[in-house]
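J.:
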Amino acid sequence: MNYDPRPELITAARQFYQQGWMMGTAGNLSAKLPDNSFWITASGKSKGKLTESDFVRVNLDGKVIELPDNNNRPSAETSIHQTIYQCFPNAHACYHVHSVEANLISRCVKGDNLVLPAIEMLKGLGIWEENPNVVMPTFKNHLDVPRIAQEIRDRFSRKPPDVPALLIIDHGVTVWADTTEQAANYLEIAEYLFRYLIAARQVE
Ligand SMILES: CSCCC(=O)C(=O)COP(=O)(O)O
Ligand SMILES: [Zn+2]
Numbered sequence: 001m002n003y004d005p006r007p008e009l010i011t012a013a014r015q016f017y018q019q020g021w022m023m024g025t026a027g028n029l030s031a032k033l034p035d036n037s038f039w040i041t042a043s044g045k046s047k048g049k050l051t052e053s054d055f056v057r058v059n060l061d062g063k064v065i066e067l068p069d070n071n072n073r074p075s076a077e078t079s080i081h082q083t084i085y086q087c088f089p090n091a092h093a094c095y096h097v098h099s100v101e102a103n104l105i106s107r108c109v110k111g112d113n114l115v116l117p118a119i120e121m122l123k124g125l126g127i128w129e130e131n132p133n134v135v136m137p138t139f140k141n142h143l144d145v146p147r148i149a150q151e152i153r154d155r156f157s158r159k160p161p162d163v164p165a166l167l168i169i170d171h172g173v174t175v176w177a178d179t180t181e182q183a184a185n186y187l188e189i190a191e192y193l194f195r196y197l198i199a200a201r202q203v204e
């Protein structure tokens, strides 16, 4: 039996929807198969009630190779998932959500990076240094999504990011990981960091 990650993606999307991170069809989730194709949420689906028909399987060039429902179109942000899988061959899951906190903190970013707090939670993103100086790369939002994807590709090919996450300004975060479970953990930690940074601004 071939591996099918759709049940895990459906469960993850329901949890993220319940957190308020995938409201009104926002966000997209994908997971890669051994042949390097990936299942991604079809565009415009309600993420709190996905079924196995609400997906599209595409190859790494973005060509549709399996369509459970002929009305489905790949997520409008498929090019970002493609870019992540091309830049990080070990990545098997890529999750993108829109939280209020990600959007608020993105407005405080100066330059091209969000400076992350040097707190214990960074270990959950793979940072084990004492007093780490770590940033999350940020990107401008463009209506033309392939342009965002190209800017991600250009930047990551020059320098890989400190953490497996990126933030699109006024839009939301994207994380990637070797497994769907790890991607969910990374997403929860990224969202925790956004909440922390917002709260910190109120007590400083
Ligand atoms: C209300 S969400 C606007 C589009 C977007 O940013 C998103 O994440 C969802 O797009 P999709 O095509 O994957 O449904
Ligand atoms: Zn989005």
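For what it's worth, UniProt numbering labels the leading residue of the sequence shown as 1, then goes sequentially. Yeah, the Cβ is synthetic: ideal placement off N, Cα and C, and Gly gets one too. Just so it is clear, the structure is predicted and the values come from calculations on it, not from any experiment.
#1: Mapping DSSP to helix, strand and coil, what is residue 23?
#2: Where residue 38 and residue 115 are concerned, what is the direct C-alpha to C-alpha distance, given to the nearest angstrom?
#3: Quick one: what's got a C-beta closer than 8 Å to residue 192's C-beta in the same chain, skipping five residues either side?
#4: Can you tell me the Cα-Cα spacing of residue 146 and residue 131, whole angstroms?
#5: DSSP has residue 96 in a bridge; who is on the other side?
#6: Taking the DSSP output, what are the residues bridged to residue 66?
#7: So is residue 29 buried or exposed if we call it buried at 16+ other beta carbons inside 10 Å?
#8: Could you give the DSSP three-state label for residue 83: helix, strand or coil?
#9: With DSSP collapsed to three states, give me the class of residue 51.
#10: State the Cα-Cα distance for the pair residue 208 and residue 71, rounded to the nearest angstrom.
#11: Please indicate yes or no: does the CB of residue 204 lie closer than 7 Å to some heavy atom of ligand 2?
#12: The beta strand (DSSP E) with residue 40 in it runs from where to where?
T.: Taking the definition as stated:
#1: In the three-state scheme derived from DSSP, where H, G and I count as helix and E and B as strand, residue 23 is classed as helix.
#2: Using only the alpha carbons, I get a separation of about 31 Å.
#3: So the qualifying residues of the chain are 121.
#4: About 36 Å.
#5: Residue pairing of residue 96 in beta bridges, as defined by DSSP: 28, 174.
#6: Note: residue 66 sits in a beta bridge opposite 57.
#7: Answer is buried; the Cβ neighbour count reaches 16.
#8: Looking at residue 83 - three-state DSSP - the assignment turns out to be helix.
#9: Looking at residue 51 - three-state DSSP - the assignment turns out to be coil, as it is neither helix nor strand.
#10: There is no way to answer for residue 208, as the model of the chain reaches only from 1 to 204.
#11: No.
#12: Where residue 40 is concerned, the enclosing beta strand (DSSP E) starts and stops at 38-41.
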